[in-house]
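Chemist:
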Amino acid sequence: MTDHSLVLRAKIALLIPHLGAASHELWSHPRVAELYPEYLCMLHTAIRSTVPLMENALERSKEIADHDPTAAALIPYLTRHIKEEQGHDEWLRQDLAAIGYDPDIPLRRLPGAAVANLVGAQYYWIRHFHPVCLLGHIAVLEGNPPSRALVPELMRRTGYPREGFRTLERHSALDVKHRDELMHTIDELPLTEQLVTAIGLSALHAADAATTSLGAVVATAGRNVPAPAGA
Ligand SMILES: [Fe+2]
Ligand SMILES: [Fe+2]
């Protein structure tokens, strides 16, 4: 057991104020009812890559496991966590439908450059450096679950029903557990100093790209708002 997760959390904490400020700007925006479906679309473009990214990392880990003890030790975590994250993109489609929007909008739209940057970097690091890099990305995306107070507040501010917030509501509970499992995994993994640095770099990139992705949602205020279904 090491304290690698403590070091990682300290690094992530450096950029959390920026991510928090971007979230605050979104949730406190006067046009939050228009921005929320935009947020769901953006999140779908990111979350639909969660399982494929882990499958990619798992495949790469298996390829190199014979001579790489870190990759070998990653296999049980990835195998387990792929199952835990199945279908979460579907929740986003259900949220869109529950607030009166066409659930297929995120599938038809061109995903933005901010999310491509967030997710695409992970494919690069997994394939061209080491699959353990993905843990930095997961630590940021699952390591800061929404507070339980957020959904009632957003229901009040947007007028949307509770069924429109299942992704946020479920993650506020699930990701506390997922974060703890991940931190435990990181502390148990055999990691070289370079791999510790790589996970930290991946986490800092994810925090920065997630902040930009939220900013891109806020920037749509007053334009390019997806029309409610049937409108
Ligand atoms: Fe999830
Ligand atoms: Fe999760």
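Taking my numbering, the leading residue of the sequence shown gets 332, the next gets one more, and so forth. Note that beta-carbon positions come from the ideal geometry of N, C-alpha and C, so glycine has one too. Computed from a predicted model, the values in this text were never measured in an experiment.
Across the segment 381-394 and the segment 403-421, are there enough close Cβ pairs to call them in contact, namely three or more that are closer than 8 Å?
Modeler: yes
Chemist: Can you tell me the Cβ-Cβ gap for L374 and L366, rounded? I've got them flagged as a contact below 8 Å.
Modeler: Their Cβ separation, rounded to whole angstroms, is 12 Å, which puts L374 and L366 out of contact at 8 Å.
Chemist: Helix, strand or coil for P476 per DSSP?
Modeler: Of the three classes helix, strand and coil, the one that applies to P476 here is coil, per DSSP.
Chemist: Is L465 near V482, with beta carbons less than 8 Å apart?
Modeler: No.
Chemist: Report the rounded CA-to-CA distance for I413 versus R479, giving the unit in angstroms.
Modeler: Taking the Cα positions, I413 is about 25 Å away from R479.
Chemist: Please name the residue or residues paired with Y455 in a DSSP beta bridge.
Modeler: The partner list for Y455 (beta bridge, DSSP) is empty, contrary to what the question assumes.
Chemist: Out of L513, M486, G443, which has the shortest C-alpha to C-alpha gap to A547?
Modeler: G443
Chemist: Measure the C-alpha to C-alpha separation of P559 and D433 and round it to an integer number of angstroms.
Modeler: Rounded to the nearest whole angstrom, the CA to CA distance from P559 to D433 is 7 Å.
Chemist: Quick check for students: name the residue ranges of the alpha helix (DSSP H) that lie wholly in the segment 485-561, counting only runs of 4 or more.
Modeler: 497-519, 524-549
Chemist: Cutting at 7 Å between CB atoms, please list the residues of its own chain near G495, excluding the five before and the five after it.
Modeler: D426, A429, I430
Chemist: Using the beta-carbon of each residue, find all residues closer than 5 Å to any heavy atom of ligand 2 and list them in chain order.
Modeler: E473, D506, H509
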